[in-house]
Amino acid sequence: MTDGTEMYRLMERLFPICRSITGNGVRESLNIIGEIIPLRITEVPSGTGVFDWTVPDEWNISDAWVKDPQGRKIIDFKKSNLHILNYSEPFRGKVSLARLQEHLYSLPDQPDVIPYITSYYQRRWGFCLSHNDRLKLAEGEYEIMIDSTLEPGSLTFADLIVPGKSEEEILISTYICHPSMANNELSGPVVSTFLAKHLLDGPPPRYSYRFVFIPETIGSLTYLSRKMEHLKDNVIAGYVVTCIGDPGRFSYLRSRGENCLTDRVTLHVLRHSEKDFAEYSFLDRGSDERQYCAPGIDLPIGSLMRTKYGMYPEYHTSADNLDLVTAEALEGSLIKYRLCLEVIESNRTYRNTVKGEPQLGKRGLYPTLSTKKSGEEVRDMMNLLAYCDGEHDLVAVAEKIGRPVWELVPLAKKLYEHKLLEIVA
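Each residue of the sequence shown is one higher than the one before, starting from 0 at the first, in numbering that gives the first Met the number 0.
Printed below as a string of structure tokens:
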């Protein structure tokens, strides 16, 4: 079974669960992921202050529906959890069509889909439905039932540390707070899960890795309120993982500083592995990079995606379903993230140890038979030596000489073994 197939199967298990920024849906989802990787789960009580925000009351729901004047169930939470306005307070009663319309949400420009709508910080109740179904509603009295609770509880998040040889960290953050949507919600957690599994199954990495599964926005704020100083002291690169399961082209959203290690590595990887990709500035932000890169926090966090959130028509609707993502796309995304991490792991700053050009022949580094390939290798070695000045890391050198880092790494190791390069950092 391929990684892509396993990731897709995990997504199928998680897809039916009704998640929100708090509640049992998040816990159930984290428990399922915890069957694959050893998560540490933390509960933060409602009312806890997190910077300028407050952890809200916990929301849970077991059922919700609307019956028409003939007693037919025309909106049913159990058929699609997107039908309920996320965070709806409980309600039971009969209302006129006019009053019901005040609590309905649909998309006239996408009349066949159910929209995903939330009301986290203002108490209200409501339902979402396709606009075509909304147009069919007739005058009369409608019976409403929302069996939900909205009361003090806690916010749930999980993290995992994969220890490395260094205390410096790579942060991998993903959100787990949306109901049944495949690409926007679940592609991030499933790719992050299998990225962690890959690291756990392999030899100890150079850097330590911190995986964080949180509700979007309030979760990253909560996590930062507890870990900010540690993260600022130790994180050298990282990603917000989301929208990575569709078969569209890759895209990258830069950090606020727009030239951190994550930015340089990811764009280098994309330039040398993709014919076409999209690039976005921090002005196009929309997920937890807003918190990680905020002034005074300034973590080096970007987001490697496929089709960016908000840029595909299925986004935040019932059309973002299991047909939108593929096992092949998930596997390709996992491979791309692994390549980015391998580049970060192998990135070093070297310094040339000799004055002028070294004599490669006496060290057995100059080919005795001249071919096109051998000539390219010698040129790459000489260029590497020319730009390894102790000031530029391997990614910067690779960018300068127009070669992918993964082709320069073995050359740098060879030159280091022959004492022509020394490691500065």
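Even for Gly, the Cβ is constructed at its ideal location relative to N, Cα and C.
- Can C339 and V264 be called in contact, C-beta distance under 7 Å? yes
- Mind checking whether S191 and Q290 have CB atoms under 7 Å apart? By the CB criterion at 7 Å, S191 and Q290 fall outside the cutoff.
- Query: For R248 versus S280, is the C-beta spacing smaller than 7 Å?
  - Reply: S280 is positioned such that its CB atom lies no closer than 7 Å to that of R248.
- Task: Could you tell me how far apart the beta carbons of M0 and A63 are, in whole angstroms, since I believe they sit closer than 8 Å?
- Result: So it is not a contact: roughly 37 Å between Cβ atoms.
- Got a sec? Which residues, its chain only, sit under 7 Å from T4 by beta carbon, not counting five neighbours each side? A326
- Message: Relative to the C-alpha of V65, which candidate in S79, R305, N320 has its C-alpha closest?
- Response: S79
- Query: With a CB to CB cut of under 6 Å and the five nearest residues on each side skipped, what residues in its chain are close to I160?
  - Reply: R209
- Task: Label H229 either buried or exposed according to how many other C-beta atoms from any shown protein chain fall within 10 Å of its C-beta, with 16 as the threshold for buried.
- Result: exposed
- Three-way DSSP call (helix, strand, coil) for M180 in this model: coil
- Query: L303 to G92, Cα distance in whole Å?
  - Reply: If you draw a straight line from the Cα of L303 to the Cα of G92, it is about 46 Å long.
- Are the beta-carbon atoms of L321 and A157 separated by less than 7 Å? The Cβ atoms of L321 and A157 lie no closer than 7 Å to each other.
- Three-state class that DSSP yields for Y120 in the structure shown: coil
- Message: Checking 7 Å against the spacing of the C-beta atoms, do G301 and T352 come in under that value?
- Response: no
- What are the residues that DSSP puts in a beta bridge with G48? DSSP output for G48 lists T53 as bridge partner(s).
- From L128, C242, S45, K231, residue whose alpha carbon lies closest to that of T155: S45
- Message: With DSSP as the reference, identify every bridge partner of N258, one or two as the case may be.
- Response: Answer is none; N258 lacks a bridge partner.
- Query: So, E330 versus L323, is the Cβ gap smaller than 7 Å?
  - Reply: no
- Item | Touching by the beta-carbon criterion (3+ pairs, under 8 Å), the region 128-138 and the region 160-171 | no
- Query: Quick one: Cα of E341 to Cα of I83, how far?
  - Reply: If I take the Cα positions, the gap works out to 43 Å.
- Query: Can I39 and E88 be called in contact, C-beta distance under 7 Å?
  - Reply: The residue you asked about is not Ile; residue 39 is Arg in the sequence shown. No, these two residues do not count as a Cβ contact at 7 Å.
- Message: I'd like the span of the alpha helix (DSSP H) that includes F281, first residue to last.
- Response: Counting along the chain, F281 falls outside any alpha helix (DSSP H), and DSSP gives it neither H nor E.
- Does DSSP put N351 in a helix, a strand or coil? strand
- Could you give the distance in angstroms between the alpha-carbon of G360 and the alpha-carbon of E406? 21 Å
- Query: Mapping DSSP to helix, strand and coil, what is M227?
  - Reply: helix
- Cα-Cα separation between I60 and E167, rounded to whole angstroms: 41 Å
- Smallest Cα separation from K413: which of G363, K196, D51, E278? G363
- Item | Inter-residue Cα distance where the pair is L266 and D75 | 45 Å
- Item | Three-state secondary structure (DSSP) of Y314 | Y314: coil per DSSP, three-state reduction.
- Message: I'd like the span of the alpha helix (DSSP H) that includes D200, first residue to last.
- Response: 186-200
- Contacts around T316, its chain only, beta-carbon distance under 6 Å, and the 5 residues preceding and following it disregarded: V112, P114
- Query: How long is the line joining the alpha carbons of D232 and R225, rounded to whole angstroms?
  - Reply: About 14 Å.
- Query: Per DSSP, A63 forms a beta bridge with which residues?
  - Reply: I145
- Can you have a look at S95 and say buried or exposed, based on whether 16 or more other CB atoms are within 10 angstroms of its CB? exposed
- Nearest to S250 by CA position, among G22, T241, D132, is which residue? T241
- Among P403, W58, P107, D287, which residue has its Cα nearest to the Cα of W124? W58
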